[in-house]
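Novice: Residue numbers (my numbering): 8 to 288.
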Ligand SMILES: NC(=O)c1ccc[n+]([C@@H]2O[C@H](COP(=O)([O-])OP(=O)(O)OC[C@H]3O[C@@H](n4cnc5c(N)ncnc54)[C@H](OP(=O)(O)O)[C@@H]3O)[C@@H](O)[C@H]2O)c1
């Protein structure tokens with residue numbers, strides 16, 4: 008039987024213009040949800056809103072830069088004005104940059120990543136909480152396994168996701184008595200535009216070869232969206248994907264060993280795949 012958990016539920020999805028956010032929107036539309044789609048790319052949002060409506064959902068495009076607190080407030084107000092309620096806020100917008108901390112020319116990129124991934128989550132949540140309390144709603148924060156088990160050469164991204172975890176875990180306790188749940192989603196790699204957009208130390212996106220990080224086992228955005236929506240329905244605290252549980256538990260017992268495994272068995276093979284793809288350009 009078709010899942011209808013989100014039928015007539017008002018949901019905001021940030022970072023909806025591509026990847027996991029887009030897949031979430033389409034899944035929600037299939038269930039007849041009312042969706043406010045937020046990201047910066049207005050054209051993509053308009054096309055997605057139309058697709059959502061064709062699938063049976065209600066959808067509005069609300070172009071939003073989540074680094075701007077005023078725009079986040081306007082997003083929440085617009086969604087509530089349109090749908091008359093707010094049941095779910097999905098903070099999904101995210102970016103990242105790679106490189107050694109010491110090689111960054113300055114901290115502009117570092118701050119940018121924190122602004123999108125962390126501050127964007129805080130701004131949207133702050134303005135949504137009073138409405139979510141009225142519906143005993145749900146907050147879903149799309150974080151990363153990197154927010155539990157770090158990678159080197161990604162200090163900006165990892166720090167931003169650790170911040171999202173601290174924020175979420177603290178907020179969950181604050182909102183428990185109001186019946187509002189906070190679900191943290193920690194994906195491993197998911198095949199999206201994320202690694203094409205991943206910036207180098209100067210802010211240049213990696214481009215198409217960034218996709219070389221993915222292989223046939225990499226999770227699709229749709230798989231990630233399906234797991235995410237199920238977890239939110241069940242008001243789960245946290246979902247760790249890929250080798251998440253193993254990494255987290257092993258890190259408690261032998262953190263140095265996990266550091267070595269992360270560099271030698273995760274990062275190096277991936278770096279080789281990306282180098283090979285760059286060589287083929
Ligand atoms: N893909 C992975 O391997 C992976 C793994 C773990 C966690 N995640 C997390 O999953 C989330 C979604 O990423 P994805 O993989 O779907 O990547 P993606 O395809 O690059 O999508 C990122 C989304 O964020 C939006 N965004 C970026 N900057 C924004 C801003 N300032 N304001 C509003 N929206 C903004 C983008 O839209 P616009 O450019 O139109 O604004 C886009 O819709 C992120 O939080 C990411 O950290 C991804």
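Here a beta-carbon is modelled for each residue, glycine too, at the ideal position from N, C-alpha and C. Computed from a predicted structure; not experimentally measured.
(1) With which residues is residue 212 paired in a DSSP beta bridge?
(2) Can you have a look at residue 224 and say buried or exposed, based on whether 16 or more other CB atoms are within 10 angstroms of its CB?
(3) Going by C-alpha to C-alpha distance, which of 140, 104, 54 and 95 sits closest to residue 123?
(4) In its own chain, which residues sit with a C-beta less than 8 Å from the C-beta of residue 34, not counting the 5 before and 5 after it?
(5) Opposite residue 96 in the DSSP bridges: which residues?
(6) Rounded C-beta distance between residue 193 and residue 154? I'm assuming under 8 Å.
(7) Go through its chain and collect everything with a Cβ distance to residue 265's Cβ below 7 Å, but skip five positions before and after it.
(8) Answer with buried or exposed for residue 177, where buried requires no fewer than 16 other C-beta atoms within 10 angstroms of its C-beta.
(9) Out of curiosity, what's the CA-to-CA distance linking residue 65 and residue 90?
(10) Kindly indicate the opening and closing residues of the beta strand (DSSP E) around residue 188.
(11) What do you reckon, are the CB atoms on residue 144 and residue 188 nearer than 9 Å?
(12) Taking the alpha-carbon positions, what's the residue 273 to residue 191 distance?
(13) Please report the residue range of the beta strand (DSSP E) in which residue 83 lies.
(14) Could you tell me the alpha carbon to alpha carbon distance between residue 56 and residue 45, rounded to whole angstroms?
(15) Let me check one thing: in DSSP terms, what residues is residue 255 bridge-paired to?
(16) So, at 7 Å on beta carbons, what are the nonlocal neighbours of residue 108 in its own chain, with the 5 sequence-adjacent residues on each side left out?
Specialist: A quick look at the data gives this:
(1) 206
(2) exposed
(3) 104
(4) 229, 232, 233 and 236
(5) 19 and 146
(6) 6 Å
(7) 156, 254, 257 and 258
(8) exposed
(9) 9 Å
(10) 188 to 193
(11) yes
(12) 23 Å
(13) Taken as a continuous stretch (DSSP letters only), residue 83 belongs to no beta strand (DSSP E), being part of the alpha helix (DSSP H) at 76 to 90.
(14) 10 Å
(15) None, per the DSSP bridge assignment.
(16) 162
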